[in-house]
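Note sheet for the following structure.
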Ligand SMILES: C[S@@+](CC[C@H](N)C(=O)[O-])C[C@H]1O[C@@H](n2cnc3c(N)ncnc32)[C@H](O)[C@@H]1O
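Numbering (this note's numbering), first residue to last: 679 to 982.
Shown next, in the form of structure tokens:
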């Protein structure tokens with residue numbers, strides 16, 4: 679049912695309601711948690727619809743052939759690894775694709791045998807449940823705030839932030855032109871343009887934006903897309919420009935983990951930790967009775 683039809687039905691119900699119960703019904707419509715729950719489900723449905731749209735524009739691994747470094751890096755992993763984008767493909771969609779023989783969760787240890795081992799999956803986006811956790815449980819009320827997603831790729835953080843938060847502006851900065859085009863198309867199609875903007879640039883050219891942002895999101899931005907020396911340069915840039923008192927940084931994985939591997943790899947000078955970590959309560963997000971590993975990789979920091 680479309681908007682006009684639904685609206686007319688609601689008006690008809692209001693007309694038929696006993697006059698003594700009318701105020702009670704309107705109050706319920708305005709304030710009840712039953713209606714809020716419906717809204718949350720509706721937001722999730724919009725995100726699923728965006729994912730479905732985007733799947734039709736991308737190869738199954740959601741990596742463009744121009745992303746040579748990301749492709750090379752998966753080939754040198756110790757365990758056979760495939761790109762499966764968690765925003766585009768939730769568990770049920772992966773199961774259906776496996777049943778259709780289009781995707782596999784395992785690989786053959788000896789050709790032709792039934793001996794198999796699980797494949798490593800790498801996602802380059804947050805999943806829809808992770809976005810909900812991020813905006814409902816990790817970040818505070820974002821009314822009036824500027825949120826910047828460093829390396830916005832498909833735009834998952836921007837759409838999640840639009841639907842799940844009151845942020846005044848959500849800006850994505852993405853170095854790949856192909857992904858900028860996909861995001862721009864989606865922002866226009868879904869009517870997000872009043873609060874969402876996508877910039878085609880290297881984050882290191884965006885000093886003023888980083889200096890002004892209230893929340894910076896860095897989900898595994900550099901590891902698969904830049905050489906270690908360039909990653910160090912980018913982290914120096916972030917640490918020098920992200921200094922607004924009280925501003926918050928969300929990272930996956932922790933800053934310590936990202937920098938430790940880099941500094942060991944190239945013997946780079948230590949980047950001082952200029953932020954304070956804010957402990958998170960991961961147990962508010964249970965899948966069954968366990969917190970998923972992906973959720974535990976989310977870390978929050980504040981500029982003191
Ligand atoms: C793992 S994806 C993050 C996706 C998204 N932020 C999310 O959480 O769903 C990292 C993205 O960062 C982009 N990227 C890497 N280095 C960048 C840089 N220096 N400036 C802007 N974007 C960059 C890559 O092209 C890639 O699309």
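Cβ coordinates follow ideal geometry from the N, Cα and C atoms, glycine included.
{"Asked": "In the DSSP assignment, find the alpha helix (DSSP H) that holds residue 962 and state where it starts and stops.", "Found": "Careful: residue 962 lies outside any alpha helix (DSSP H) and carries neither H nor E."}
{"Asked": "Any heavy atom of ligand 1 closer than 8 Å to the Cβ of residue 905?", "Found": "no"}
{"Asked": "Whether or not the stretch 845-862 and the stretch 878-894 are in contact is what I'm after, with contact meaning three or more pairs of Cβ atoms, one per stretch, closer than 8 Å; do they touch?", "Found": "yes"}
{"Asked": "From what residue to what residue does the alpha helix (DSSP H) around residue 884 run?", "Found": "Residue 884 -> no alpha helix (DSSP H), and no H or E assigned at all."}
{"Asked": "Is residue 956 near residue 891, with beta carbons less than 9 Å apart?", "Found": "no"}
{"Asked": "Using only alpha-carbon positions, find the residue among 951, 974, 970, 930 that is nearest to residue 803.", "Found": "930"}
{"Asked": "Per the contact definition of three or more C-beta pairs closer than 8 Å, is the stretch 862-874 in contact with the stretch 754-768?", "Found": "no"}
{"Asked": "Taking only the alpha-carbon atoms, compute the straight-line gap between residue 706 and residue 700 and give it to the nearest angstrom.", "Found": "10 Å"}
{"Asked": "Going by other Cβ atoms of all chains shown within 10 Å of its Cβ, with 16 needed for buried, is residue 680 buried or exposed?", "Found": "exposed"}
{"Asked": "In chain order, what are the residue ranges of uninterrupted alpha helix (DSSP H) at least 4 long that sit wholly in the stretch 714-769?", "Found": "746-753"}
{"Asked": "For residue 857, which residues in the same chain have their Cβ closer than 7 Å to its Cβ, ignoring the five residues on either side in sequence?", "Found": "831, 832"}
{"Asked": "Quick one: does the C-beta of residue 827 sit closer than 8 Å to a heavy atom of ligand 1?", "Found": "yes"}
{"Asked": "Could you please give the first and the last residue of the uninterrupted beta strand (DSSP E) stretch that includes residue 799?", "Found": "798-800"}
{"Asked": "So, do the stretch 769-779 and the stretch 913-923 have three or more beta carbon pairs nearer to each other than 8 Å?", "Found": "no"}
{"Asked": "What residues match up with residue 979 in a beta bridge as DSSP calls it?", "Found": "927, 955"}
{"Asked": "Work out the CA separation of residue 812 and residue 819 for me, nearest whole Å.", "Found": "12 Å"}
{"Asked": "Is it the case that the CB of residue 686 approaches a heavy atom of ligand 1 more closely than 8 Å?", "Found": "no"}
{"Asked": "Can you tell me whether residue 866 is helix, strand or coil according to DSSP?", "Found": "helix"}
{"Asked": "State yes or no: is the C-beta of residue 702 within less than 9 Å of the C-beta of residue 738?", "Found": "no"}
{"Asked": "Between the beta-carbon of residue 917 and the beta-carbon of residue 949, is there less than 9 Å?", "Found": "yes"}
{"Asked": "Anyone know if the C-beta pair for residue 760 and residue 797 falls short of 9 Å?", "Found": "yes"}
{"Asked": "Could you please give me the residues that DSSP links to residue 810 through a beta bridge?", "Found": "Answer by DSSP bridge pairing: none, since residue 810 is not bridged."}
{"Asked": "If you measure from the CB of residue 897, is any heavy atom of ligand 1 nearer than 8 Å?", "Found": "yes"}
{"Asked": "If you reduce the DSSP assignment to three classes, tell me which class residue 844 lands in.", "Found": "coil"}
{"Asked": "Per the DSSP calculation, residue 949 is bridged to which residue(s)?", "Found": "DSSP output for residue 949 lists no bridge partner at all."}
{"Asked": "Taking 8 Å as the line, does the beta carbon of residue 996 fall inside it for any heavy atom of ligand 1?", "Found": "Examination of residue 996 is not possible in this model, given that the chain is present from 679 through 982 alone."}
{"Asked": "Who pairs with residue 784 in a beta bridge, going by DSSP?", "Found": "796"}
{"Asked": "So what does DSSP say about residue 971, is it helix, strand or coil?", "Found": "helix"}
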